[in-house]
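One structure below.
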Amino acid sequence: MMKQRKLKGYPHTLPTELTIHTAILSKLPGKSLLRCRCVSRLWCSIIDDSQFVSIHFQNFQNNRVRSSLLVLEPPEICDTKQICIIRNSENFRKMSTIKIDVTLFEHHRIVGYINGLFCMKRYVLGSQISKIFLWNPSIRKAMELPLIQMLDPNELRSDIDYTFGYDHVKNDYKVVASFYIGNELYNPTFIEIFSLITFSWKRVNISEGPCQWIKDGPKIFLNGVVYWRGIDALEVTPKGKFSHFVSFDVVNDSFNYIELPDCKHENVCAYERFPIILGELVALIANFQSYSQMWVMEELKGEVPLWSKRCRINLQLLYKCLCFKNDGEILYTGEKAGVNSFNIRNQKTKVLQRVTRFIRFSRVSTWRV
Amino acid sequence: MASSSSSSLSRVVVKSSDNNLFVVNKKVASQSQLLKQCIDNMEEKGTNDVILIPLSNVTSNILTLVLEYCEKHADFADDDNNNQELKQWDHEFLKKFDYATLNSLTMAADYMVTKSLLNLCCQFIADSIKDLTVQQIRQIFDIKNDFTPQEEADIKNENAWAFR
């Protein structure tokens, strides 16, 4: 009964049809949309419309699988394609694959990955200044950011550390460039903040904080704030050298310092600490000679953090760690290059996926999608 | 669930474009914002009579399907859209139809303001056309290609990789 007729044509496009076509298109992946621009003039204009772009993005935000992971795997020998795979972190199954020319990664380094967008830097020969790109692999479009204006020739020789963040209030992407000039290894002389909305850099001076910054270290981005490590280079305090996390609030363009807890084991301080994301919370891994502690920042009252110690982690596990999951599971590369998960709560190990080809641990990088 | 007081309606009659009548229980009808609005308006006026709502844009075939969907979903709470059983049912429900029926169903969902059905249909159609060629998509939606061959080639070349 239902299959009595082929869809009869649209003699002219009714408003309802336009609404429905727009709604269907807004649920298509980027690659299909690029093809659909070819269907007709009307479809092409729908897809190119800026309002459509934001609806499409909203759908992507609502529908993305919260537990998915972007895994950057090294190319196979003789293969010229690097492989970006979106995997489900529950079972590590492949959800989608993007192949990228290896050369891209030879000359570029990833600064960050947010909302399907890579921020990458490319070194410019004979200069410390890098070119910064935003790159959307699903439509294969890259955008180069304007170069930072240097006021002084000294600045050209500075070391620059980049950070990528997303302002969910204004729907803006920001890049922070911290300039370390001369012997100032730990204190940036000034900061430049790029906003995609204004498409320009803005210079900001920063006042001295309770600790100095560590450039090029691990950074995490969570709910509009970027966190990285601070170091107390002058004094070796009982807290050890890593005394704070430095945070940058992407929404307000403000910097903050978060004091870390005393992580000690038999009166010995942790020799290394770094930030990780545990579900929707900022956490800290503190490494000792024989094992690691995981601390979670339960809340932040003004500038005062409330830290709680969660568990111990085997160091071997940490070296092979791919990511920390919301539910207290750690994904790591197991024997024979498979992927296992370890549940901190019940201390159980699960084999998620046996990978047929050998993946070198050090070259696999993961991001939360 | 709101308990039905003596003054409120428990059922409405909906008339399709081909003049068939459907008696629909209020809870089921409320899945459609259009029907719910009609019911609310009548209740405000204090009418006790069974009301007749004519839907000039929806045929009996399609109305039957919309009501089947509303009946199923009336059993679940509004925030229960992630319920696995319901999701499975939705998928099985839409799987049976050809594009023509899906299209009419989508239009009816839009007209009757049944947002979850509209969303579901659009997602289902999107999923089923995402790997099709441009020509196949034109056929399904019966869209005439109004590009010149040169224009079409230019658009293709802009993102040639997407057509491989």
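Listed in order, the protein sequences are those of chains R and W.
FYI, this note's numbering numbers position 99 of the first sequence as 102, with every residue one higher than the one before it.
FYI, this note's numbering numbers position 7 of the second sequence as 1010, with every residue one higher than the one before it.
For each residue, glycine too, the CB sits at the ideal point set by N, CA and C.
Would residue i count as contacting chain R if we go by Cβ distances under 8 Å?
{"i": "residue 1014 of chain W", "result": "no"}
{"i": "residue 1004 of chain W", "result": "Per-residue confidence for residue 1004 of chain W stands at a pLDDT of 41, beneath the threshold of 50, marking its modelled position as unreliable; the derived number appears in the next sentence. It does not; no Cβ of chain R falls within 8 Å."}
{"i": "residue 1023 of chain W", "result": "no"}
{"i": "residue 1147 of chain W", "result": "yes"}
{"i": "residue 1098 of chain W", "result": "no"}
{"i": "residue 1155 of chain W", "result": "yes"}
{"i": "residue 1029 of chain W", "result": "no"}
{"i": "residue 1118 of chain W", "result": "no"}
{"i": "residue 1125 of chain W", "result": "yes"}
{"i": "residue 1019 of chain W", "result": "no"}
{"i": "residue 1160 of chain W", "result": "no"}
{"i": "residue 1048 of chain W", "result": "no"}
{"i": "residue 1079 of chain W", "result": "no"}
{"i": "residue 1039 of chain W", "result": "no"}
Taking the alpha carbon of residue i as the reference point, which residue from the options has its own alpha carbon closest?
{"i": "residue 334 of chain R", "options": "R:74, R:62 and R:20", "result": "R:74"}
{"i": "residue 160 of chain R", "options": "R:176, R:132 and R:175", "result": "R:132"}
{"i": "residue 297 of chain R", "options": "R:305, R:317, R:304 and R:229", "result": "R:317"}
{"i": "residue 27 of chain R", "options": "W:1167, W:1110, W:1159 and W:1061", "result": "W:1110"}
{"i": "residue 294 of chain R", "options": "R:92, R:276 and R:285", "result": "R:276"}
{"i": "residue 1140 of chain W", "options": "R:249, R:352, R:46 and R:313", "result": "R:46"}
{"i": "residue 1066 of chain W", "options": "W:1092, W:1086, W:1041 and W:1021", "result": "W:1021"}
{"i": "residue 113 of chain R", "options": "R:61, R:207 and R:140", "result": "R:140"}
{"i": "residue 270 of chain R", "options": "R:210, R:292, R:253 and R:250", "result": "R:292"}
Could you work out which residues of chain W lie near residue i, taking near to mean beta carbons separated by less than 7 Å?
{"i": "residue 145 of chain R", "result": "Simply none; closest approach about 13 Å."}
{"i": "residue 96 of chain R", "result": "Ordered by position in chain W, no residue passes the 7 Å Cβ test against residue 96 of chain R, which lies about 18 Å from the chain."}
Got a sec: is the Cβ-Cβ distance from residue i to anything in chain W below 8 Å?
{"i": "residue 320 of chain R", "result": "no"}
{"i": "residue 87 of chain R", "result": "no"}
{"i": "residue 30 of chain R", "result": "yes"}
{"i": "residue 49 of chain R", "result": "no"}
{"i": "residue 22 of chain R", "result": "yes"}
{"i": "residue 27 of chain R", "result": "yes"}
Per DSSP, residue i forms a beta bridge with which residues?
{"i": "residue 1125 of chain W", "result": "DSSP, once it has assigned bridges, lists no residue as partnering residue 1125 of chain W."}
{"i": "residue 289 of chain R", "result": "R:276 and R:296"}
{"i": "residue 145 of chain R", "result": "R:138"}
{"i": "residue 352 of chain R", "result": "R:345"}
{"i": "residue 121 of chain R", "result": "R:116 and R:138"}
Taking C-beta pairs closer than 8 Å, name the residues in chain R that residue i reaches, listed in chain order.
{"i": "residue 1092 of chain W", "result": "Those within 8 Å of residue 1092 of chain W in chain R number zero; the least Cβ separation is about 18 Å."}
{"i": "residue 1075 of chain W", "result": "Near residue 1075 of chain W there are no residues of chain R at all, since even the closest Cβ is about 18 Å away, more than 8 Å."}
How would you write the range of the beta strand (DSSP E) that residue i sits in, first residue to last?
{"i": "residue 111 of chain R", "result": "111-117"}
{"i": "residue 189 of chain R", "result": "No beta strand (DSSP E) holds residue 189 of chain R; DSSP gives it neither H nor E."}
{"i": "residue 41 of chain R", "result": "Looking at the DSSP string, residue 41 of chain R is not in any beta strand (DSSP E), and its letter there is neither H nor E."}
{"i": "residue 1054 of chain W", "result": "1054-1057"}
{"i": "residue 206 of chain R", "result": "203-207"}
{"i": "residue 198 of chain R", "result": "193-198"}
{"i": "residue 231 of chain R", "result": "228-234"}
Just the chain R side, please: which residues come within less than 7 Å of residue i by C-beta, in chain order?
{"i": "residue 1165 of chain W", "result": "34, 37 and 38"}
{"i": "residue 1137 of chain W", "result": "38, 41 and 42"}
{"i": "residue 1140 of chain W", "result": "39 and 42"}
{"i": "residue 1129 of chain W", "result": "27, 30 and 31"}
Residue i versus chain R: which residues are under 9 Å apart at the beta carbon?
{"i": "residue 1095 of chain W", "result": "Those do not exist, as residue 1095 of chain W stays about 14 Å from chain R at its closest Cβ, beyond 9 Å."}
Anything in chain W within Cβ reach of residue i, meaning under 8 Å, just list it in chain order.
{"i": "residue 19 of chain R", "result": "1110, 1113 and 1114"}
At which residues does the alpha helix (DSSP H) containing residue i begin and terminate?
{"i": "residue 314 of chain R", "result": "Counting along the chain, residue 314 of chain R falls outside any alpha helix (DSSP H), though it belongs to the beta strand (DSSP E) covering 307-317."}
{"i": "residue 332 of chain R", "result": "Segment 332-336 is the beta strand (DSSP E) holding residue 332 of chain R; no alpha helix (DSSP H) there."}
{"i": "residue 49 of chain R", "result": "44-51"}
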